[in-house]
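Protein chains in written order, with my numbering: chain A, 1463 to 2000; chain B, 108 to 515.
No residue lacks a Cβ here, since even glycine has one placed at the ideal position from N, Cα and C.
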Amino acid sequence: MNVQTKRWVFSLLLLLISISPARADSKPVNPKILHVINRLSFGSAPGDIQKVESLGINGYIKQQLSPDSIPEPESLTRQLAQMKTLSLNPVQRVQYATTISQGVTSKKEKKQALMGKSREIFQETVTSRLLRATSSNRQLQEVMVDFWYNHFNVSSAKGRNRIWVGAYEQEAIRPHTMGRFRDLLGATAHHPAMLLYLDNAKNKVNNRPDAKKKTDGLNENYARELMELHTLGVDGGYTQQDVIALAKIFSGWGVETDHNSNGSGFKFNSRHHDASDKVFLGHKIKGQGKAEGEEALDILARSPATARHISFKLAQYFVNDRPPETLVKKLSQTYLATDGNIREVLNTLFQSSEFWDQKNFNSKFKTPYQYAISVVRATGMELKNERPILELFGQLAMPLYRCESPDGYKNTKEAWLNPDAMTRRLNFATAIAQGNLQISSLPPSKNPNQIKKPKPQKTLPPSQKDNLNIVKPSKKNQPGNRRNTQTKAATKSIPVDYKQLMMTLGNSFSPQTQNAIASSPQEIRGGLILGSPEFMQR
Amino acid sequence: MKRRDFLIQTGLFSTSLITAIGSNAWIAHSATAKNNPQRLIVIFLRGGVDGLNIVVPYTETAYYQARPKIAIPQPGKTGGVIDLDGRFGLHPALSSLTPLWQKNTLAFVHACGLNDPTRSHFDAQKYMESGTPGNKGTRDGWMNRLLGVIAKKTPVQAVTVGSNTPWILYGQMPIANLPTRGNPKKRFAIDRPQVATAFDQLYSGKDSLSQTYIQGRMAREAIMKDLNEEMKMADNGAPLPTGFAKDANRLAKLMAKDPRIELGFMALGGWDTHAAQGSSQGKLAQNLESLGTGLTALVAGLGSVYQDTTIVVMSEFGRTFQQNNNGGTDHGHGNVMWVLGGKVKGGKVYGDWPGLAPNQLYQQRDLEVTTDFRDVIFPILQSHLKINSSQISQILPNYKPIQKIALI
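Structure follows, in structure tokens:
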């Protein structure tokens, strides 16, 4: 053994020793605790394991099922309160986005000012979502926002929806995540963002007595996706005739942006409604205006096919990509017995033997959204600069609020695990762990200490025209690239403490992962933890 | 061929992956084994494109009656179609493709599609990509099974543009993703040897994450090497339109440069035109123009390799024959498929035209499907890629060629 080899062996030993105290200090964490944190939240943040230990697993579940009872961090409440567009209703949003100060006269300036307004609204939508997802104590609530938003997906790329997706989330999704499914369904059906996205705002029949063909103005888009995606499921037993009947039932449901209106953005226009009697899914529905739509939503929400469809999707999201049939049955039964009470369905799910079956632990591959949020949570960073996260979403083809297709983003492994995605995730993990992404420092544009102010940048660079649903990563702020970042050392993110990270995550790593970490230099260990197979999954 | 076999044969269970990528003999071998392999590129138009407004039956009065707002005028009129064969005309936004039609390397198959009645985007796309209409249980896509048949076990034999693996390429065979736009040859933090070695150790197992990681590392090495060389040359060329055309051109140049890449895939969205689809101008026209420019950039990028390439453009279904009153169309049935390539017998619209009278329409509302989309794939597999019948039946299980289309 020459000197060099000796030194090498010695330092390896040192490394092994230096990592073992973390293991020795903490007694093995109950895998059930890690499982419940993984599925009811976007992953462990510092102190979460201790929190669940003190509440008990059932106490934690019970608490998370009543989000309103959980106090929020003061910093989150304060930051949300500072966003002035957040609480605007759809009509106020239109007004806000179309009102510019009187001093602006030139056409070009006006256009820029208007674009700036809608950008501001969208930016606050994005920022508030990411702030809540990363730092809210009501984690299950945030998880359910992710679930339901994708279930009832609307894209910000369509028409006015850049300013409305935020209102849609605030008004149609958030208040109902654990309430009655019928209320959630109704809220989405009435919301201008949905009416616009699936073209129902244009679903108008010509109702004049002299009109020749009453079906001429029908637009089937919403009716079809309402049954296929939102309620019954594609095999839910409806026909093309039902699609047409439902389109007629929803004719005249449209959008209202007049400032004298009630602000909801919804308007039922009886002149554009097909007043005839209809047969829908075997039910006779009397022509009676808007109430027909409510009746159809009642029928859809009560249907066993809907119970099954929703139960399947919940089981897939929370338990396994291919959920056990026994579980789907249990959830459907609860759904039907409680008239679609989502909280009760979730409770059944979290109490089920299938949920607690060890083979389902850590079996779900995180979506890009879940992955990025869990990284921020694990590091305990306060999110001040969301740009690197949005760029990761773009690189991984999951831009926030921009899923073009009405089925929303999938949450299965086959949808997100691919060779390119793996390398990009690991790159993100490495860069963030080494403090190179400046997630917890102010972005250069907002940093008062900034010497040179760069131009403000778009939150999500849209890929227009060609409609490829992909966001272009900008060269400037690509993960790992520090050349263009001018932030002063005082506000710079610091490298992640890998020992703390280990503790936060309960040190639940396989021997192989532990060995890989232990035999690597200290400065890359944080990246290895955040890029480990265990951390890719939940 | 299983992924595992692929990994064992290429000796990738070693931890020194970088060395494996740099020096493994099979890369050099497979790059020179066959200098002009036959290539196939599939472009999928997601959302159900309105084929009746792409290859327009301009001699039918029913067409103009059913689509007063959105029909494309006859040839010679303002905004009129480009006449193809005296019967059908091409949407004017696709004028960039006229030279390909005139050189007989572009063909269309009309009234083509799925023999399944679904009008769900998601079911229809899945059937088209799995190649097994009516069967949702299929666990892989037909291009991945095709890869299994022509396998030479390289990490970049099939390339998809974008960061998601489409269902058509999903399955046991490894495929590579070509990053869109940005700067794909940019170095990552994980490219640093120290970090890479550590991750190699972390992902050296037989599980799916490890295998995907290994494929990603290999594909990245290979593609970055290609792009580095390609970009040095490309700097002199004229700048391309952004977006799809740029991506298409990049894919084409990679395929032209690297004979290991035999299959390519790209998807384009934005074709679900329920309202305001426009006619000669408007939303559909804009999208078609980007598509036409992209296809031209694809052909240009392929250069002489176009001779050995077939390009297929497809979509999950067509749209209703009648326009709706929002100046759009709803989900329909039959559609047009496009086939381009150096050996394609083009300049022709193939397929049995079923007619547009109410009793000729499918369920009295959509263009009938008279040609199964697999009838178009079949001659490409057989005559272009020279795949034998028993192998074709692995790629397209439970499919018997119904009608022979002499495309190649």
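Spatial neighbours of residue i in its chain, beta-carbon cut-off 7 Å, leaving aside the 5 residues before and after
i, result
"Leu1691 (chain A)", "Pro1868, Asp1869"
"Gly449 (chain B)", "Thr212, Tyr413, Gln414, Asp415, Thr416"
"Tyr1779 (chain A)", "Phe1609, Asn1873"
"Pro206 (chain B)", "none"
"Ala363 (chain B)", "Gly408, Leu409, Gly410, Val412"
"Lys507 (chain B)", "none"
Residues that residue i contacts on chain B, provided the C-beta gap is smaller than 8 Å
i, result
"Ser1581 (chain A)", "With the sequence shown as reference, residue 1581 (chain A) is identified as Arg, and Ser is not the correct amino acid for it. Under the 8 Å cutoff, chain B gives no residues; its nearest Cβ is about 20 Å from Arg1581 (chain A)."
"Val1696 (chain A)", "Thr225, Ser227, Phe229, Asp230"
"Ala1893 (chain A)", "Ala296"
Residues of its chain near residue i, where Cβ-Cβ distance is below 6 Å and the 5 sequence neighbours each way are ignored
i, result
"Leu1992 (chain A)", "Val1837, Ala1891, Ala1895"
"Gln1512 (chain A)", "none"
"Glu369 (chain B)", "Pro144, Arg146, Gln264"
"Ile499 (chain B)", "Leu488"
"Ala1769 (chain A)", "Ser1794, Tyr1797, Leu1798"
"Gln232 (chain B)", "Glu423"
"Gly238 (chain B)", "Trp249, Leu503"
Chain B contact residues for residue i, given Cβ-Cβ distances below 7 Å
i, result
"Asp1661 (chain A)", "His381, Ala382, Asn433"
"Lys1664 (chain A)", "Ala382, Asn433"
"Asp1959 (chain A)", "The premise fails here: Asp1959 (chain A) is roughly 18 Å from chain B at the closest Cβ pair, so nothing lies under 7 Å."
"Asn1847 (chain A)", "Simply none; closest approach about 18 Å."
"Glu1690 (chain A)", "Ser227"
"Asp1869 (chain A)", "Phe229"
Residue i - containing beta strand (DSSP E), residue span
i, result
"Leu253 (chain B)", "Counting along the chain, Leu253 (chain B) falls outside any beta strand (DSSP E), though it belongs to the alpha helix (DSSP H) covering 249–256."
"Asp218 (chain B)", "In the sequence as presented, Asp is not what sits at residue 218 (chain B); that position holds Ala. First-last of the beta strand (DSSP E) with Ala218 (chain B): 213–220."
"His1745 (chain A)", "1745–1747"
"Asn1623 (chain A)", "That residue, Asn1623 (chain A), is in no beta strand (DSSP E); its alpha helix (DSSP H) goes 1623–1629."
N-terminal and C-terminal residue of the alpha helix (DSSP H) that residue i is part of
i, result
"Ser1537 (chain A)", "1536–1543"
"His1735 (chain A)", "First-last for His1735 (chain A): undefined, no H or E at that position."
"Thr168 (chain B)", "168–173"
"Thr1892 (chain A)", "1881–1895"
"Phe2006 (chain A)", "This structure gives no information on residue 2006 (chain A), because the portion of chain A shown stretches from 1463 to 2000."
"Asn1824 (chain A)", "Per DSSP, Asn1824 (chain A) belongs to no alpha helix (DSSP H) and is neither H nor E."
Residue nearest to residue i in terms of C-alpha spacing, selected from the options
i, options, result
"Thr168 (chain B)", "B:Leu405, B:Ala513, B:Leu463, B:Thr261", "B:Leu463"
"Leu1658 (chain A)", "A:Tyr1684, A:Lys1579, A:Leu1852, A:Leu1548", "A:Tyr1684"
"Gly1695 (chain A)", "A:Ala1799, A:Ser1723, A:Ser1765, A:Leu1888", "A:Ser1765"
"Arg1540 (chain A)", "A:Ile1519, A:Ser1902, A:Val1616, A:Arg1594", "A:Arg1594"
"Ile257 (chain B)", "B:Met280, B:Gly241, B:Pro240", "B:Met280"
"Asn1492 (chain A)", "A:Ile1519, A:Arg1501, A:Glu1687", "A:Ile1519"
"Ser387 (chain B)", "B:Arg174, B:Val302, B:Gly323", "B:Arg174"
"Lys452 (chain B)", "B:Phe215, B:His438, B:Val420, B:Leu309", "B:Phe215"
"Leu253 (chain B)", "B:Gln510, B:Lys511, B:Lys493, B:Lys507", "B:Lys493"
"Gln301 (chain B)", "A:Gln1984, A:Tyr1630, A:Gln1999, A:Ser1994", "A:Gln1984"
"Ala404 (chain B)", "B:Ile484, B:His228, B:Ala352, B:Ile321", "B:Ala352"
"Thr1547 (chain A)", "A:Ala1753, A:Lys1570, A:Arg1581", "A:Arg1581"
"Val1616 (chain A)", "A:Pro1861, A:Arg2000, A:Ser1531", "A:Pro1861"
Closer than 8 Å at the beta carbon, the chain A residues around residue i
i, result
"His438 (chain B)", "Glu1682, Arg1686"
"Pro286 (chain B)", "Gln1857, Asp1882"
"Ser315 (chain B)", "Lys1875, Leu1879"
"Ala283 (chain B)", "Pro1881, Asp1882"
"Arg357 (chain B)", "Residues of chain A passing the Cβ test: none, with the nearest at roughly 13 Å."
Own chain residues within Cβ distance below 8 Å of residue i, not counting five before or after
i, result
"Ile1956 (chain A)", "Gly1897"
"Val1807 (chain A)", "Ile1772, Ser1773, Leu1776, Leu1793, Thr1796, Tyr1797, Thr1800"
Residues that residue i contacts on chain C, provided the C-beta gap is smaller than 8 Å
i, result
"Met1964 (chain A)", "In the structure shown, chain C cannot be found, because the protein chains are A and B."
Under 9 Å from the C-beta of residue i: neighbouring residues of chain B
i, result
"Pro1983 (chain A)", "Gln301, Ala305"
"Pro1995 (chain A)", "Leu309, Tyr310, Gly312, Asp314, Leu316, Ser317, Tyr320"
"Thr1719 (chain A)", "Simply none; closest approach about 18 Å."
"Met1998 (chain A)", "Leu316"
Contacts of residue i in chain A (Cβ-Cβ under 9 Å)
i, result
"Thr319 (chain B)", "Leu1879, Asn1880, Pro1881, Ala1883, Met1884"
Amino acids of chain A, ordered along the chain, whose beta-carbon sits closer than 7 Å to that of residue i
i, result
"Tyr469 (chain B)", "Per Cβ cutoff of 7 Å: no residues; Tyr469 (chain B) is ~11 Å from chain A at best."
"Gly323 (chain B)", "Pro1881, Asp1882, Met1884, Thr1885"
Proximity test, residue i beta-carbon vs the ligand ATP heavy atom, cut-off 7 Å
i, result
"Pro164 (chain B)", "Inclusion of the ligand ATP in the displayed structure is not the case, the ligand content being empty and no account of it being possible."
### Task
Check distances from the C-beta atoms of the segment 261–276 of chain B to those of chain A and list, in chain order, the residues that come in under 7 Å.
Gly269, Ser270, Asn271, Thr272
### Task
Give, in chain order, every residue of the segment 240–252 of chain B whose Cβ lies closer than 8 Å to some Cβ of chain A.
none
### Query
Residues in the segment 1631–1661 of chain A with C-beta within 9 Å of chain B's C-beta atoms, listed in sequence order?
Leu1660, Asp1661
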